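Using my numbering, the first residue of the sequence shown is number 8, and each one after it goes up by one.
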Amino acid sequence: MKNKTILITGASSGLGLQAAKELSGQGHEIILLCRNQEKGNAAVSDIQSFSGNNKIHLYTADLSVHASVAEVAGKIKKDFTKLDVLLNNAGAVFDEFKLSADGLEMTIANNHFNYFWLTHYLLDLLKNAGNARIVNVASDSHYKAKNIDIESFTQKKKYFVLSAYEQSKLANVLFTYSLAEKLQPFGIMVNALHPGFVYTPIGSKNGNAFFGMVWNTASKLFGKKVEDGAQSHIYLAGSEEVNGITGKYFHNCKAKPSSAISYDQRLQDLLWKESERISGFPFL
Ligand SMILES: NC(=O)c1ccc[n+]([C@@H]2O[C@H](COP(=O)([O-])OP(=O)(O)OC[C@H]3O[C@@H](n4cnc5c(N)ncnc54)[C@H](OP(=O)(O)O)[C@@H]3O)[C@@H](O)[C@H]2O)c1
8 MKNKTILITG ASSGLGLQAA KELSGQGHEI ILLCRNQEKG NAAVSDIQSF
58 SGNNKIHLYT ADLSVHASVA EVAGKIKKDF TKLDVLLNNA GAVFDEFKLS
108 ADGLEMTIAN NHFNYFWLTH YLLDLLKNAG NARIVNVASD SHYKAKNIDI
158 ESFTQKKKYF VLSAYEQSKL ANVLFTYSLA EKLQPFGIMV NALHPGFVYT
208 PIGSKNGNAF FGMVWNTASK LFGKKVEDGA QSHIYLAGSE EVNGITGKYF
258 HNCKAKPSSA ISYDQRLQDL LWKESERISG FPFL
């Protein structure tokens, strides 16, 4: 793939930043979608000095907030006529139950609705590209999720940080499979990935200092370097080998089976319908 337009969310840190550097080094035009303007500016400089590529554009939004996603997508649609790759990467871990501005539990808002909303609002640009790709960053932690509990999207039940994260990452995989099927008529490929256990600040951003310290120490000692963790992002976004491959789950640049429940058509349909209902729009 040469000279493609690639949008990467959460490109101010960790895996998204690394993917942006290397994809920009391959000569692509990169749109960074970051939460924070200052961190975004620093990422632009970092990427430019890494790759020497000046085709870098920065937009900011809070991707856990529906109106913010709709607004930034509107700006991007004014500035670009097509998008070859949407890399949905931004994600987070929340140690406590909190509601988003839309009244959604923060983990599901930030990790699932983020992808659902942004993909919906940018779909016209992806259709315009012909053979576009959507890459959803999920996680092997989805294997531990036994179900999708729609009530937990809005109600405080038994909140546990890891269970909430695992559910949100199962949602990423279920969404990927539904979307791959629905976008096949448009020639848009949709795949999900697990980056591995990677040393990034993700576990130390939202609250609990003890959890953050454990995460930082363990991921530094036992995790992959971000350069290795971002390889599936780069492969799925930029490699010719991926042409024609859709509806798969990747780890280390190879497709592998996701959890049994992620193939459950009933659960895929439930998540899709409830996501549309909660969002207040039909996706297609
Ligand atoms: N690290 C791992 O071991 C691991 C394993 C499996 C899956 N993953 C997945 O990999 C992806 C990237 O995570 P990472 O490890 O690279 O963590 P990271 O370094 O914390 O990067 C996450 C990025 O997402 C952005 N972000 C989070 N919430 C946002 C919001 N509401 N609006 C806009 N941007 C937002 C962050 O912005 P700020 O810089 O402003 O915080 C940051 O740029 C996530 O989807 C994560 O679930 C990571």
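For every residue, glycine included, the Cβ atom is placed at its ideal position computed from N, Cα and C. Being a predicted model, the structure only gives us computed values, none of them experimental.
#1: Any heavy atom of ligand 2 within a distance shorter than 8 Å of the CB on G110?
#2: Tell me whether the beta-carbon of L40 lies closer than 9 Å to the beta-carbon of A68.
#3: For a test of the three-state rule: what should DSSP assign to M8, helix, strand or coil?
#4: Per DSSP, R140 forms a beta bridge with which residues?
#5: Over what stretch of residues does the alpha helix (DSSP H) that includes I256 continue unbroken?
#6: On the DSSP letters alone, give me the boundaries of the beta strand (DSSP E) that L40 sits inside.
#7: Would you say H73 touches ligand 1, meaning its beta carbon is less than 8 Å from a heavy atom?
#8: Ignore the nearest five residues each way along the sequence and tell me which others in K263's own chain have a CB closer than 8 Å to its CB.
#9: Leaving out the 5 sequence neighbours to the left and right, which residues in its chain are closer than 6 Å to N138 when beta-carbon positions are compared?
#10: Counting only runs that start and end within the stretch 42 to 84, where is the alpha helix (DSSP H) found for 4 or more residues in a row?
#11: Does the stretch 88 to 99 touch the stretch 207 to 215, meaning 3 or more C-beta pairs lie closer than 8 Å?
#12: Should V79 go down as buried or exposed, given a rule of 16 or more other Cβ atoms within 10 Å for buried?
#13: Alpha carbon to alpha carbon, what distance is there between F290 and R284?
#14: Please check if any C-beta of chain C sits within less than 9 Å of the C-beta of N198.
#15: Among all the DSSP beta bridges, which residues are the ones paired with T16?
#16: Considering just the uninterrupted stretch of the alpha helix (DSSP H) at I285, what are its terminal residues?
#17: Is E112 helix, strand or coil by DSSP?
#18: Within this structure, are the beta carbons of N179 and A187 separated by less than 9 Å?
#19: Have a look at the DSSP bridge pairing and note the partners of H201.
#20: Which value, in whole angstroms, describes the spacing of the CA atoms of I241 and V144?
On the basis of the supplied data:
#1: In the structure on display, ligand 2 does not appear, and the ligands it does have are ligand 1.
#2: yes
#3: coil
#4: V92 and M196
#5: Here the sequence assigns Tyr to residue 256, which means Ile is not the residue at that position. It is not in any alpha helix (DSSP H) - Y256 instead sits in the beta strand (DSSP E) that spans Y256 to H258.
#6: E36 to C41
#7: no
#8: Y256 and F257
#9: G194
#10: 44 to 58
#11: yes
#12: buried
#13: 10 Å
#14: Of the protein chains in the structure, only one exists, and it is not chain C.
#15: L40
#16: Q272 to S286
#17: strand
#18: no
#19: H258
#20: 12 Å
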